[in-house]
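For the sequence shown, the tail end lands on 216 under full-length UniProt numbering, and the numbers increase by one without skipping. Just so you know, even glycine gets a beta-carbon here, dropped at the ideal spot from N, CA and C. Everything numeric in this text was worked out from a predicted model, so none of it was measured.
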Amino acid sequence: APEPISIGADALLLPQFLSAYEQQLVRAIDTIIARAPWRQLTTPGGRKLSVRTSNCGKYGWYSDRAGYRYVACDPLTGQAWPQLPQVFVEQAQAAAEEAGFADFQPDACLLNCYQPGVKMGLHQDCDEEDLSAPIVSFSLGLPAQFLWGGWQRSDKVQRIRLQHGDVVVWGGEDRLRFHGIAKVAGGNHPLLGGQRINLTFRQAKR
Ligand code: MD3
Ligand code: FE
Numbered sequence: 011a012p013e014p015i016s017i018g019a020d021a022l023l024l025p026q027f028l029s030a031y032e033q034q035l036v037r038a039i040d041t042i043i044a045r046a047p048w049r050q051l052t053t054p055g056g057r058k059l060s061v062r063t064s065n066c067g068k069y070g071w072y073s074d075r076a077g078y079r080y081v082a083c084d085p086l087t088g089q090a091w092p093q094l095p096q097v098f099v100e101q102a103q104a105a106a107e108e109a110g111f112a113d114f115q116p117d118a119c120l121l122n123c124y125q126p127g128v129k130m131g132l133h134q135d136c137d138e139e140d141l142s143a144p145i146v147s148f149s150l151g152l153p154a155q156f157l158w159g160g161w162q163r164s165d166k167v168q169r170i171r172l173q174h175g176d177v178v179v180w181g182g183e184d185r186l187r188f189h190g191i192a193k194v195a196g197g198n199h200p201l202l203g204g205q206r207i208n209l210t211f212r213q214a215k216r
């Protein structure tokens, strides 16, 4: 496999880390989406996110007029979120370990689905209780340009191409950097067709 690439003091890109697991991962995603379908969340300000989301794990990230938060039940179905599949936990922990974060215990996995033309604006992830835990992200399907900013919204942004099978681990001093995804270009991925799916593993609660 290609060598890991440092993109910050505490952020590591692991190209093709998931290559051997892609089919297992896609099957697990299908099972999750059958129980917790993709939906477009509303922001506290009343706008609709263009990205479609779902969750698995003990907690799921949710947004509506009441705010951004982690919730233990899917408001769409009233049911608990689907459990974290074993292959998710194993690969997220293996990646975290490779980046120097021992015993990462994710209790939340946010799934994001991007169709061509969809983007995610610059933001910080600060809804988690323990900001010392890293975030691990899996990229699948169409490629995207990851926007990697600094600690202030106005800081210069670097573009990093994320491809199918790539994993990134973000922790420590890089945990609160602004980041986003540029508009996804059209295309056809052999396994996922015209979409990009990103999974982010988090420790939402202490
Ligand atoms: C850097 N997702 O769900 S993953 C998000 O590709 C999110 O769907 C993007 O940003 C996506 O919040 C980017 C990479 C990522 C996730 C969390 C981070 C990078 C991060 C938290 C802190 C710093
Ligand atoms: Fe984010």
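Remark: C-beta atoms of C119 and G67 approach each other more closely than 7 Å.
Relative to the ligand MD3, the beta carbon of D135 is positioned inside 6 Å of a heavy atom. Counting only the Cα atoms, A214 lies some 7 Å from Y69. Counted as a single uninterrupted DSSP element, the beta strand (DSSP E) harbouring A154 occupies residues 154-158. For the pair T210 and V81, the Cα-to-Cα distance works out to about 16 Å. In this model, A19 and G110 are separated by some 11 Å (Cα to Cα). The criterion of a C-beta distance shorter than 7 Å is satisfied by L22 and V179.
Per DSSP, reduced to three states, the secondary structure at D140 is coil, with no helix or strand assignment. Judged by the Cβ position, W180 qualifies as a neighbour of the ligand MD3 at the 6 Å threshold, a heavy atom of the ligand being closer than this. Per the coordinates, the alpha-carbon of L28 lies some 26 Å from the alpha-carbon of R49. Judged by DSSP secondary structure, T41 falls outside any beta strand (DSSP E) and instead within the alpha helix (DSSP H) spanning 32-45. Secondary structure remark: continuous alpha helix (DSSP H) runs of at least 4 residues inside the region 58-131, in chain order: 96-108. No heavy atom of the ligand MD3 is found nearer than 6 Å to the CB of I39.
Taking G204 as the centre and dropping the five residues before and after it, the same chain places the C-beta of Q125, P126, L152, G196, G197, N198 closer than 8 Å to its C-beta, in chain order. Look at S16 here: in three-state DSSP terms it is strand. Taking 7 Å as the cut-off, the beta carbon of P92 is found closer than this to the beta carbon of A46. Setting aside the 5 residues that flank it on each side, R216 is surrounded in the same chain by E139, D140, each with a C-beta closer than 7 Å to its C-beta; the list follows chain order.
In the structure shown, S147 falls within a strand segment according to DSSP collapsed to helix, strand and coil. Here L132 is actually not in contact with T63; their C-beta atoms are around 18 Å apart, not less than 8 Å. In this structure, the beta-carbon distance from F114 to Q96 does not fall below 7 Å.
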